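Okay, structure first, notes after.
Chains as they are written, first to last, in our numbering: chain Z, 204 to 485; chain L, 204 to 485.
Right, here's the structure in full:
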């Protein structure tokens with residue numbers, strides 16, 4: 204997905220929020236906003252939004268000197284999600300359609316996001332999503348593809364959310380490769396976060412090498428992209444991965460909750476929709 | 204009020220919204236955002252937000268070559284408010300406390316604002332505000348000051364809203380000077396807009412000379428500020444005027460609806476509150 208004009212004020216808002224959450228002082232945040240403001244002029248609007256995100260979070264790392272300012276928040280979210288894990292597994296087991304229930308839960312976990320929307324109420328949001336209709340629902344295609352797929356990649360999104368991803372991966376009952384970012388970006392899931400969530404018990408964990416808050420091909424390792432291009436099914440979680448891959452000719456299914464107006468418009472749905480969408484130009 | 208960090212992303216959002224409402228093409232809007240982004244670095248945080256607003260709207264005028272891009276919107280809002288005028292007058296006349304009812308209506312009119320929040324439903328918002336409790340309510344002081352005041356200035360805010368101001372001025376039953384901006388800024392009320400709203404029938408209309416979307420002393424005519432400093436009562440409408448005058452030692456009463464988190468925090472109230480606040484450091 205290209206950058207829309209509406210993304211520009213949002214970059215500033217994200218920088219402000221990320222700076223605060225990373226514990227920067229006001230003067231440091233002002234420097235961050237100065238730099239993000241100054242780079243707007245040279246922003247290629249053809250780029251995907253996570254590519255700009257990559258620059259913003261690089262600046263935060265430079266200013267703070269801290270590699271992973273969201274570490275404690277990520278650990279807290281993962282612990283909270285792990286506490287819910289047994290109950291969520293039960294919910295799946297007792298469901299008439301365990302796979303669909305696991306998909307719903309994986310989307311529910313997608314509310315744990317400090318990039319777009321800082322405030323969320325996990326238990327309340329889960330309840331709401333469990334009864335919500337999908338705005339795009341390519342479930343039949345998802346089931347079909349899953350039946351024959353042998354080489355399945357699952358693109359993680361946020362830490363904490365990964366516990367929910369683990370539940371879906373368990374329900375898939377096949378060998379799955381779980382993909383994490385190359386470096387810490389906001390609260391996006393890294394290798395260590397995935398281990399803490401127990402992903403290593405159900406999947407092989409690999410890094411995409413991405414330095415952006417979303418798997419943007421241009422910012423992933425070339426060797427990873429080569430492997431991904433040979434996948435026969437890719438499950439992509441969240442907005443960042445959608446923004447990075449929405450125009451790539453890959454066998455992707457996008458699972459996400461729509462958290463901003465720009466992505467709502469791009470998908471032709473309303474904000475807060477839940478989405479299970481098959482990539483059209485595979 | 205000084206500029207808060209949260210104002211910075213908001214300047215970008217305002218520039219985007221103003222550019223769209225002014226009918227700019229996407230490429231022109233991008234240029235506007237580039238320029239607003241680049242000027243963040245040199246932004247004196249001690250300045251009031253309307254001073255930055257002044258620069259943004261100056262850039263919009265330069266890019267469009269149009270002095271008053273909101274003219275037709277202002278005329279439409281004024282016409283709509285005038286249609287409601289007889290009904291609103293009735294509401295005041297039939298009220299147990301006509302002055303308070305007129306104050307409430309003047310605040311209700313403050314929802315007509317394209318600077319902060321583009322979407323509003325005038326009739327619904329009025330109904331809501333008529334039954335809403337004030338978060339700050341210096342009404343007794345307002346009544347007292349009004350009783351003895353001889354030199355009353357009323358600082359207008361948005362076009363359309365001025366019809367509501369007219370109702371309050373009629374209820375004040377004294378000679379009042381109604382103050383408009385020096386140049387068109389967003390949908391702020393100018394001399395011509397005030398005439399259309401019929402303010403000339405109830406008040407003397409003068410321009411503050413302000414080139415900012417709010418009467419910021421530094422951006423008003425010196426001669427106007429001299430006169431204002433001799434006023435024995437100033438009624439200030441809206442956020443822009445609050446931002447410009449909240450720290451000035453003047454006998455001001457601020458009437459406004461709180462439309463953003465920054466002003467809510469500055470006033471120590473919640474968003475959407477309605478306010479009748481006496482300036483403390485008169």
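Where is the CB? At the ideal position from N, CA and C, for every residue including glycine. Just so it is clear, the structure is predicted and the values come from calculations on it, not from any experiment.
8 Å Cβ cutoff met for residue 363 of chain Z and residue 408 of chain Z: Taking the first residue of the first chain as position 1, residue 363 of chain Z is located at position 160. Taking the first residue of the first chain as position 1, residue 408 of chain Z is located at position 205. Going by C-beta atoms, residue 363 of chain Z is not nearer than 8 Å to residue 408 of chain Z.
Any C-beta of chain L under 8 Å from that of residue 216 of chain Z: As a first step, residue 216 of chain Z is located in the first chain; it is residue number 13 there, counting from the start. True, the Cβ-Cβ gap to chain L drops below 8 Å.
Supposed contact pair residue 385 of chain L and residue 413 of chain L - C-beta distance, whole angstroms, cut 8 Å: For the purposes of this step, residue 413 of chain L is identified with residue 210 of the second chain, where counting begins at 1. For the purposes of this step, residue 385 of chain L is identified with residue 182 of the second chain, where counting begins at 1. Separation of the CB atoms of residue 413 of chain L and residue 385 of chain L is rounded to 5 Å, and the pair is thereby assigned contact status at 8 Å.
Residue 459 of chain Z, DSSP secondary structure in three states: Working through the first chain from its first residue, we reach residue 459 of chain Z at position 256. Reduced to three states, the DSSP call for residue 459 of chain Z is strand.
Member of L/236, L/417, L/357 and L/387 whose CA lies at the smallest distance from the CA of residue 405 of chain L: Walking along the second chain from the start, residue 405 of chain L turns up at place 202. That would be L/357, whose Cα lies nearest to the Cα of residue 405 of chain L.
From Z/351, Z/282 and Z/296, residue whose alpha carbon lies closest to that of residue 435 of chain Z: Here residue 435 of chain Z refers to the residue found at position 232 when the first chain is read from its first residue. The shortest C-alpha separation from residue 435 of chain Z is found at Z/351.
Beta-carbon gap between residue 367 of chain L and residue 284 of chain L smaller than 8 Å: Along the second chain, read from residue 1 onward, the residue named residue 367 of chain L stands at position 164. Along the second chain, read from residue 1 onward, the residue named residue 284 of chain L stands at position 81. In contact: residue 367 of chain L and residue 284 of chain L (Cβ atoms closer than 8 Å).
Within chain Z, the residues that residue 248 of chain L reaches when beta carbons sit closer than 8 Å: Reading the second chain from its first residue, position 45 is the one you call residue 248 of chain L. By Cβ distance, chain Z contributes 233.
The beta strand (DSSP E) enclosing residue 440 of chain L, as first and last residue numbers: In the second chain, the residue the question calls residue 440 of chain L occupies position 237. Counting along the chain, the beta strand (DSSP E) containing residue 440 of chain L begins and ends at 436 to 440.
Start-to-end residues for the alpha helix (DSSP H) that takes in residue 338 of chain Z: The residue labelled residue 338 of chain Z in the question sits at position 135 within the first chain. DSSP places residue 338 of chain Z outside any alpha helix (DSSP H); the residue lies instead in the beta strand (DSSP E), whose first and last residues are 337 to 340.
Pick from Z/308, Z/389 and Z/221 that is closest to residue 374 of chain Z, judged by C-alpha positions: Walking along the first chain from the start, residue 374 of chain Z turns up at place 171. Taking only the C-alpha atoms, the option nearest residue 374 of chain Z is Z/308.
Under 7 Å by beta carbon: chain L residues contacting residue 240 of chain Z: Counting from one through the first chain, the residue named residue 240 of chain Z turns up at place 37. Taking a Cβ-Cβ threshold of 7 Å, the residues of chain L close to residue 240 of chain Z are 240, 241, 243 and 244, in chain order.
Nearest to residue 295 of chain L (by Cα), restricted to the options L/276, L/333 and L/280: As a working mapping, residue 295 of chain L is identified with position 92 in the second chain. If you compare the alpha carbons of L/276, L/333 and L/280 with that of residue 295 of chain L, the shortest gap goes to L/333.
Nearest-angstrom Cα separation, counted from residue 219 of chain L out to residue 211 of chain Z: Sequence index remark: in the first chain, residue 211 of chain Z carries index 8 (1-based). Sequence index remark: in the second chain, residue 219 of chain L carries index 16 (1-based). Each residue's alpha carbon lies about 9 Å from the other.
C-alpha distance - residue 336 of chain Z paired with residue 477 of chain Z, whole-angstrom precision: Translated into the one-based positions of the first chain, residue 336 of chain Z becomes position 133. Translated into the one-based positions of the first chain, residue 477 of chain Z becomes position 274. Computed Cα separation, rounded: 7 Å.
Cut-off 7 Å between Cβ atoms - residues of its own chain near residue 342 of chain L, not counting five sequence neighbours on either side: Taking the first residue of the second chain as 1, we reach residue 342 of chain L at position 139. These residues qualify, in order along the chain: 303 and 479.
Exposure of residue 251 of chain L, with buried meaning 16 or more beta-carbon neighbours within 10 Å: Within the second chain, the letter at position 48 stands for residue 251 of chain L. Label assigned to residue 251 of chain L: buried.
Residue-chain proximity (residue 286 of chain Z, chain L), Cβ-Cβ < 8 Å: As a working mapping, residue 286 of chain Z is identified with position 83 in the first chain. Judged by the 8 Å Cβ criterion, residue 286 of chain Z is not in contact with chain L.
6 Å Cβ shell around residue 238 of chain Z - same chain, five flanking residues per side excluded: Counting from one through the first chain, the residue named residue 238 of chain Z turns up at place 35. Only 262 meet the Cβ criterion.
Whole beta strand (DSSP E) elements within the region 278 to 357 of chain L, 3-residue minimum: 337 to 340
Under the three-state DSSP convention, the category residue 464 of chain Z falls into: Residue 464 of chain Z sits at position 261 when you count from the first residue of the first chain. Reduced to three states, the DSSP call for residue 464 of chain Z is helix.
Among Z/217, Z/236, Z/475 and Z/383, nearest to residue 245 of chain L - alpha-carbon criterion: As a working note, residue 245 of chain L is residue 42 in the second chain. Taking only the C-alpha atoms, the option nearest residue 245 of chain L is Z/236.
Residues that residue 212 of chain Z contacts on chain L, provided the C-beta gap is smaller than 7 Å: Position 9 of the first chain, counting from 1, holds the residue named residue 212 of chain Z. Within chain L, the residues near residue 212 of chain Z are 212, 215, 216 and 219.
Secondary structure of residue 407 of chain Z, DSSP reduced to three states: Against the first chain, residue 407 of chain Z aligns to sequence position 204. Strand.
Distance between residue 204 of chain Z and residue 418 of chain Z (C-alpha atoms, nearest Å): Residue 418 of chain Z sits at position 215 when you count from the first residue of the first chain. Residue 204 of chain Z sits at position 1 when you count from the first residue of the first chain. Looking at the two C-alpha atoms, the distance is approximately 12 Å.
Coil, strand or helix - residue 482 of chain Z by DSSP: The residue labelled residue 482 of chain Z in the question sits at position 279 within the first chain. Note: residue 482 of chain Z maps to coil in three-state DSSP.
Whole-angstrom distance between residue 441 of chain Z and residue 425 of chain L, CA atom to CA atom: Mapped onto the second chain, residue 425 of chain L falls at position 222. Mapped onto the first chain, residue 441 of chain Z falls at position 238. Spanning the two alpha carbons is a distance of roughly 55 Å.
Interface residues of the region 327 to 361 of chain Z facing chain L [CB-CB below 8 Å]: Cβ proximity to chain L below 8 Å picks out nothing from the region 327 to 361 of chain Z.
Within-8 Å CB hit, residue 236 of chain L to chain Z: Start at 1 with the first residue of the second chain, and residue 236 of chain L comes out as number 33. Yes, because at least one Cβ of chain Z sits closer than 8 Å to the Cβ of residue 236 of chain L.
Partner residues on chain L for residue 209 of chain Z, Cβ-Cβ distance less than 8 Å: Residue mapping note: residue 209 of chain Z aligns to position 6 of the first chain, counting from 1. Going along chain L in sequence order, the residues near residue 209 of chain Z (Cβ under 8 Å) are 219.
DSSP-derived helix/strand/coil call for residue 214 of chain L: In the second chain, counting from the first residue as 1, residue 214 of chain L sits at position 11. Helix, per DSSP.
Proximity test, Cβ basis, 8 Å: residue 229 of chain L and chain Z: Here the question's residue 229 of chain L lines up with position 26 in the second chain. Chain Z contact via Cβ: present.
Neighbourhood of residue 448 of chain L by C-beta distance below 7 Å, restricted to the same chain and skipping five residues each side: Position 245 of the second chain, counting from 1, holds the residue named residue 448 of chain L. Once the five neighbours on either side are set aside, the close Cβ partners of residue 448 of chain L are 418, 439 and 455.
Nearest to residue 452 of chain L (by Cα), restricted to the options L/232, L/481 and L/346: In the second chain, the residue the question calls residue 452 of chain L occupies position 249. Of the listed residues, the one whose Cα sits closest to residue 452 of chain L is L/481.
is_contact[residue 484 of chain L, chain B] using C-beta, thresh 8 Å: Of the chains in the structure shown, none is chain B; the protein chains are Z and L.
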